[in-house]
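In what follows, a single structure is set out as structure tokens and then discussed.
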Amino acid sequence: MSNVPALFNHALLAARRSRALAQPDAFADAGFLRQSALSDLTERLDAVNRSFVHALDVDAPDRALAEALLATGKVETVSVGTGFAGADIDRPRDETGLLLGDRNDDGGQYDLVTSVLSLQFANDLPGVLIQFRRALKPDGLFLGAVFGGDTLFELREVLLEAESEILGGAAPRVLPFGEVRDMGALLQRAGFGLPVADIDTLVVRYGNPLRLLSDLRAMGATNILKSGASRPLRRDVLLRAMALYKERFSEADGKVPATFQIVSLSGWAPHESQQKPLQPGSAKTRLADALGVAETPAGEKTGQ
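Each position in the sequence shown, counted from 1, maps to that position plus 70 in the numbering used here.
What follows is the structure in structure tokens.
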């Protein structure tokens with residue numbers, strides 16, 4: 071799809087997801103982040119004053135979001151896509167197996183496209199967002215959620231420090247996550263109208279940071295960075311990192327926090343009915359008149 075360097079091992083991602091789904095009880099127990107994102111997405115959909123005939127939920131491990139969308143009464147049918155073509159997250163497909171990017175620019179077949187906590191694994195996020203926009207009919211809606219910049223900053227810090235201290239160098243072990251301001255710009259770059267990116271920060275407290283690693287494993291969300299996943303994390307490095315985690319971040323009751331930022335995304339496929347910014351010079355009322363104040367010409371100062 072593009073010449074963007076491959077940061078992530080998507081075959082490893084697919085294998086770890088499969089392993090996580092093979093233990094449904096553990097997957098459900100560790101799925102609090104996804105459940106929070108699903109609830110937020112359906113609340114945002116509920117605030118939209120329209121209905122949707124055909125929705126596509128891309129890269130969903132189950133039908134949880136599909137069932138929640140149907141329960142809102144605003145969506146008639148929901149297809150759960152084949153994921154990002156197995157291990158290739160940069161080539162998302164619909165439920166028929168057709169690459170979303172193969173849709174024509176004049177509009178796809180979906181009124182609504184959703185994606186929850188998967189886009190952070192895309193090597194070419196702008197390209198994937200363009201594919202989503204092409205899959206939508208004119209005036210179709212995209213709703214998504216992706217991890218934001220400060221996610222797991224505590225774990226990233228201690229892993230880097232421990233590995234550098236013991237081995238004299240460190241491989242990245244926690245994914246890089248995008249900033250909310252960049253996400254809004256990417257939606258606009260992909261051609262979405264009325265783009266919105268909001269952020270919510272969740273802090274989860276653990277009695278032991280090893281439990282955080284256990285939850286990440288149960289989610290199928292452990293390291294898939296090509297530059298780091300190829301070199302296993304040594305036991306002495308892990309133990310030192312966990313010690314640093316406790317020393318640096320323990321709270322008064324001895325528990326440690328783990329920070330997760332979830333960026334909520336929305337954008338509309340362009341349509342002539344959508345609001346457009348006014349052209350410069352088209353205003354019919356002066357700002358000074360609207361505010362009821364005297365207008366001061368540029369270069370002059372009052373009170374002198």
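No residue lacks a Cβ here, since even glycine has one placed at the ideal position from N, Cα and C.
- With a cut-off of 8 Å on Cβ pairs, the segment 296-312 is not in contact with the segment 99-110, counting fewer than three such pairs.
- Taking every protein chain shown into account, the CB of L280 has fewer than 16 other CB atoms within 10 angstroms, so this residue is exposed.
- The beta carbons of P327 and L256 sit no closer together than 8 Å.
- Here A232 really is in contact with V307; their C-beta atoms are around 5 Å apart, less than 8 Å.
- Below 8 Å, too few C-beta pairs join the segment 192-209 and the segment 316-331 to call them touching: fewer than three.
- Bounds of the alpha helix (DSSP H) holding F223 are 223-237.
- The DSSP assignment places 122-127, 145-150 as complete runs of the beta strand (DSSP E) inside the segment 77-155, in order along the chain (cut-off: 3 residues).
- Taken through DSSP and simplified to helix, strand or coil, P340 comes out as coil.
- A direct Cα-Cα distance of roughly 52 Å separates F122 from G239.
- With fewer than 16 neighbouring CB atoms inside 10 Å of its own CB, V273 falls in the exposed class.
- Between G143 and L126, the gap from beta carbon to beta carbon reaches 8 Å or more.
- With fewer than 16 other beta carbons inside 10 angstroms of its own, S234 counts as exposed.
- Under the three-pair Cβ rule at 8 Å, the segment 333-342 counts as touching the segment 240-259.
- A328 is bridged by DSSP to V274.
- Rounded to the nearest whole angstrom, the C-alpha separation of L283 and T271 is 19 Å.
- Excluding sequence positions up to five before and after V228, its CB lies within less than 6 Å of the CB of A311, L314, Y315, all in the same chain and listed in chain order.
- Here M253 is not near A100, since their CB atoms are 8 Å or more apart.
- DSSP places L182 in the uninterrupted beta strand (DSSP E) bounded by 180-186.
- For V216, the enclosing beta strand (DSSP E) covers residues 206-217.
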